[in-house]
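Reviewing the structure listed below.
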Amino acid sequence: GVADALRSLPVPHAAPLTLPARVVRVAVTGTGAGPEASAREVRYAALAAAAGPGERVLLGHTLDDQAETVLLGLARGSGARSLAGMAAERGVFVRPLLTLGREVTAAACAELGLTPWADPMNADPRFARVRVREVVLPTLERELGPGVREALARTAAQLRRDADVLDALAAGPEPGADAAASETLSCRRLAGLEPAIRDRVVRAWLAARGASEVTAAHVAAVTALVTDWHGQRAVHGPGLVVRRVDGRLRADPPAGDRGRPC
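According to this note's numbering, the residues represented by the sequence shown are -13 to 248, in order.
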């Protein structure tokens, strides 16, 4: 299988670069976010754990990967943060190739005599990212002209700057009263916030409570418990059930609750 093939690859593929290789086995379990997202979370956790003190993890994402990420975020309707794409640096992770097209990295490998490993999952049309890569982006380039990938990457960079500022404001003094560390949120406090800040406070709170892949629809449904409260039932998010109780929002793991899905 794919896992067996992978275990046989690192040493020979690293040899031309005289790099040491390490194989780490991981188990992917369902998180309610789908197989791709669950596998991604596990991979990043394993990479971060493998890094030593002061070390950074270099990821091979390219300009093409960034464009694909932006289009997928647009399709999900997950808000500005999703459209901001992947960060060039975040924590221990660094993406030094993010401004280079895939054809450039392929040419560099050819010049260096390296043979990249082709993950068969990257050719499986069952996955949305593969369809974006093989169908959507080529169609956009053909119909709109060259430069679509670069334009999407520029848009992501601009949105990331804006989103970083708004996120900082949402996490600053007062807005959510340290929402990420709070078990519950005050509906009165949330109601007094600007929508762009309130949405970010709610999103950060849901993520801190264990929700994964929070979409704009999830945030809107939870926010409605504050801004359009009329006694509605609990809201089901990815891995959480959110209720309004005594003027506060409370998030709990799902346990047979029959609230409406969002």
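Backbone N, C-alpha and C define an ideal beta-carbon position, used for all residues, glycine too. Given the structure is predicted, the values throughout are model-derived calculations rather than measurements.
A206 versus D185: straight-line alpha-carbon distance, rounded: Their backbone Cα atoms lie some 8 Å apart in a straight line.
Since P181 and V200 should fall inside the 8 Å C-beta cutoff, what is the C-beta to C-beta distance between them, to a whole number of angstroms? Not a contact, Cβ separation roughly 16 Å.
Rank E54, R229, A220 and A193 by C-alpha distance to the C-alpha of A139 and give the top, closest one. Ranking the options by Cα distance to A139, first place goes to E54.
Which residues does DSSP list as the beta-bridge partners of F79? The bridge partners DSSP lists for F79 are V43 and R76.
From the DSSP secondary-structure annotation, give me the bridge partner or partners of A237. Among the bridge pairs identified by DSSP, A237 is matched with V228.
Taking the Cβ atom as the reference point for each residue, do V122 and L57 lie within a distance shorter than 9 Å? Going by beta carbons, V122 and L57 fall inside the 9 Å limit.
G178 in three-state terms, based on DSSP: If DSSP states are grouped into helix, strand and coil, G178 belongs with coil.
Using DSSP's beta-bridge definition, name the partner residues of L171. According to DSSP, L171 bridges with L235.
Contacts around V10, its chain only, beta-carbon distance under 7 Å, and the 5 residues preceding and following it disregarded: Only A32 and A36 meet the Cβ criterion.
Helix, strand or coil at V208 according to DSSP, with G and I counted as helix: DSSP, reduced to helix, strand and coil, places V208 within a helical segment of the structure shown.
Exposed unless 16 or more other CB atoms sit within 10 angstroms - verdict on V12: Exposed, by the Cβ-count rule.
Can you check which of these residues, T141, R119, A93 and R29, is closest to V14 by C-alpha distance? Of the listed residues, the one whose Cα sits closest to V14 is R29.
Measure the CB-CB distance between E27 and S198 and report whether it falls below 9 Å. Closer than 9 Å, so yes.
Other residues of its chain near V78: CB distance less than 6 Å, five sequence neighbours each side excluded: Closer than 6 Å at the Cβ level, and outside the excluded window around V78, lie A34, A37, R42 and V43.
Using the Cβ count rule (16 or more neighbours within 10 Å means buried), how would you classify D243? Any reading at D243 must be qualified, since the residue scores a pLDDT of 43, below 50, and its modelled position is unreliable; no value is offered.
In angstroms, rounded to a whole number, what distance separates the CA positions of C173 and A66? Their Cα atoms are separated by approximately 24 Å.
Quick one: is A96 buried, meaning 16 or more other Cβ sit within 10 Å of its Cβ, or exposed? Within 10 angstroms of the beta-carbon of A96 lie fewer than 16 other beta-carbons, which makes it exposed.
Endpoints, alpha helix (DSSP H) assigned at L60: Taken as a continuous stretch (DSSP letters only), the alpha helix (DSSP H) holding L60 covers L49 to R62.
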